[in-house]
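Visitor: My structure is below; once you've seen it, I'll send some questions.
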Amino acid sequence: MRVIEDYPVKGKVVLLRIDCNCAVEGGRIIPGERIRMHSETIKRLAERGARVVVLAHQGRKGDEDFMTLKQHAGVLSEYTGIPITYVDDVAQEKAKRAISNLKDGEVLLLENVRMLDSETMEEGSIVSELSPLADYFVLDALSVAHRAHSSVVGFARRIPSFYGNVLAKEIEALQSLRNVNSVTFVLGGSKGKDSLGIMERWLSDGKAKVVLVGGALSILFLKAKG
733 MRVIEDYPVK GKVVLLRIDC NCAVEGGRII PGERIRMHSE TIKRLAERGA RVVVLAHQGR
793 KGDEDFMTLK QHAGVLSEYT GIPITYVDDV AQEKAKRAIS NLKDGEVLLL ENVRMLDSET
853 MEEGSIVSEL SPLADYFVLD ALSVAHRAHS SVVGFARRIP SFYGNVLAKE IEALQSLRNV
913 NSVTFVLGGS KGKDSLGIME RWLSDGKAKV VLVGGALSIL FLKAKG
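Going by the working numbering, the first residue of the sequence shown is number 733, and it counts up by one from there.
Next up, the structure:
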């Protein structure tokens, strides 16, 4: 497992894919623990002299929580203690110019990658446009690692790629469960389909002895019970 922490990054342009997807109420984001954790990766890279370009999403097109990342830049700036520049562009001239002008230790947050229709492709425009400007790609979120989207899998075919600190810890936590024979799961959130898949796998293997459900998943169970 190649973790970016183990490699020199000073003076390098690092594309960092995080998951700062937040709940939204009244047009305002509600930052969760995930965005705070990713801020530590951003801060660490900046402190080591990297030129950090953050890639992230918020919601999906057509959903109420689909919005720009302008508010996220403010939250990340607060958490990292570093001025983070937000650019309302993903892969066109404005974004590319901002990347080219970065200095060591500076951080840039590009626009919501899902503004691009080609994001759902494995190698959309973001890959062809930004790869020539970058030295490294870092994936730092297990929560998006399963998606065959451009900003998740596309860069790995073009430039040296690494795990971020958050993703490395998440994978280590999962690996530690391999030899555990009795696990209590607490599952919730709004993605019932994903949670059901996890539940089915662990129950069929006989490793999950108890599953506690909450959030949207619990509503599905209540409806199923009538």
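Ideal placement from N, C-alpha and C gives every residue a C-beta, glycine not left out.
Is DSSP giving Phe953 helix, strand or coil here?
Guide: Position 221 of the sequence shown holds residue 953. Reduced to three states, the DSSP call for Phe953 is helix.
Visitor: In the DSSP assignment, find the unbroken beta strand (DSSP E) run with Ala940 in it and report its ends.
Guide: Within the sequence shown, residue 940 is the residue found at index 208, counting from 1. 940-945 is the extent of the beta strand (DSSP E) around Ala940.
Visitor: Using a Cβ-Cβ cut-off of 6 Å (strictly less than) and excluding sequence neighbours within five positions of Thr811, which residues of its own chain qualify?
Guide: Working through the sequence shown from its first residue, we reach residue 811 at position 79. First, the amino acid is wrong: residue 811 is Tyr here, not Thr. Hits under 6 Å: Arg768, Ser771.
Visitor: Are the beta-carbon atoms belonging to Leu848 and Gly837 less than 8 Å from one another?
Guide: The sequence position of residue 848 within the sequence shown is 116, counting from 1. The sequence position of residue 837 within the sequence shown is 105, counting from 1. Cβ distance not < 8 Å, so Leu848 and Gly837 don't count as in contact.
Visitor: Quick one, which of Leu935, Val756, Leu928, Asp937 has its alpha-carbon nearest Ala948's?
Guide: Taking the first residue of the sequence shown as position 1, residue 948 is located at position 216. Comparing Cα positions, the closest option is Leu928.
Visitor: Report the start-end ranges of each alpha helix (DSSP H) in the stretch 769-837 that is 4 residues or longer and not cut off at the edges.
Guide: 802-812, 825-832
Visitor: Are the beta-carbon atoms belonging to Val945 and Leu909 less than 8 Å from one another?
Guide: Here residue 945 refers to the residue found at position 213 of the sequence shown. Here residue 909 refers to the residue found at position 177 of the sequence shown. No. Outside cutoff.
Visitor: Quick one: residues in its chain with C-beta nearer than 8 Å to the C-beta of Met733, no 5 flanking neighbours on either side, listed in chain order?
Guide: Within the sequence shown, numbered from 1, the residue matching residue 733 stands at position 1. Hits under 8 Å: Tyr895, Ala900, Ile903.
Visitor: Report back the beta-carbon spacing between Gly791 and Asn753 to the nearest angstrom; my notes put them in contact at under 8 Å.
Guide: Taking the first residue of the sequence shown as 1, we reach residue 791 at position 59. Taking the first residue of the sequence shown as 1, we reach residue 753 at position 21. So it is a contact: roughly 7 Å between Cβ atoms.
Visitor: Along the chain, where does the beta strand (DSSP E) that runs through Val746 open and close?
Guide: Taking the sequence shown and counting its residues from 1, one reaches residue 746 at position 14. Per DSSP, Val746 belongs to the beta strand (DSSP E) from 745-749.
Visitor: When you compare the stretch 742-749 with the stretch 864-875, are there three or more beta-carbon pairs, one atom per stretch, that lie closer than 8 Å?
Guide: yes
Visitor: Could you check what DSSP says for Glu757 in three-state terms: helix, strand or coil?
Guide: As a first step, residue 757 is located in the sequence shown; it is residue number 25 there, counting from the start. DSSP places Glu757 in strand when its eight states are reduced to three.
Visitor: Are the beta-carbon atoms of Val784 and Leu842 separated by less than 8 Å?
Guide: Within the sequence shown, residue 784 is the residue found at index 52, counting from 1. Within the sequence shown, residue 842 is the residue found at index 110, counting from 1. It is not a contact, given that the beta carbons lie outside the stated cut-off.
Visitor: Going by CA-CA distance only, name the one from Val876, Phe953, Arg890, Glu765 that's closest to Val845.
Guide: Residue numbering aside, residue 845 sits at position 113 when the sequence shown is read from its first letter. Out of Val876, Phe953, Arg890, Glu765, Val876 has the C-alpha closest to the C-alpha of Val845.
Visitor: Nearest to Arg829 by CA position, among Glu861, Lys802, Arg780, Met799, is which residue?
Guide: Within the sequence shown, residue 829 is the residue found at index 97, counting from 1. Comparing Cα-Cα distances from Arg829 to each of Glu861, Lys802, Arg780, Met799, the minimum goes to Glu861.
Visitor: Among all the DSSP beta bridges, which residues are the ones paired with Phe917?
Guide: Taking the sequence shown and counting its residues from 1, one reaches residue 917 at position 185. Paired residues: Val943.
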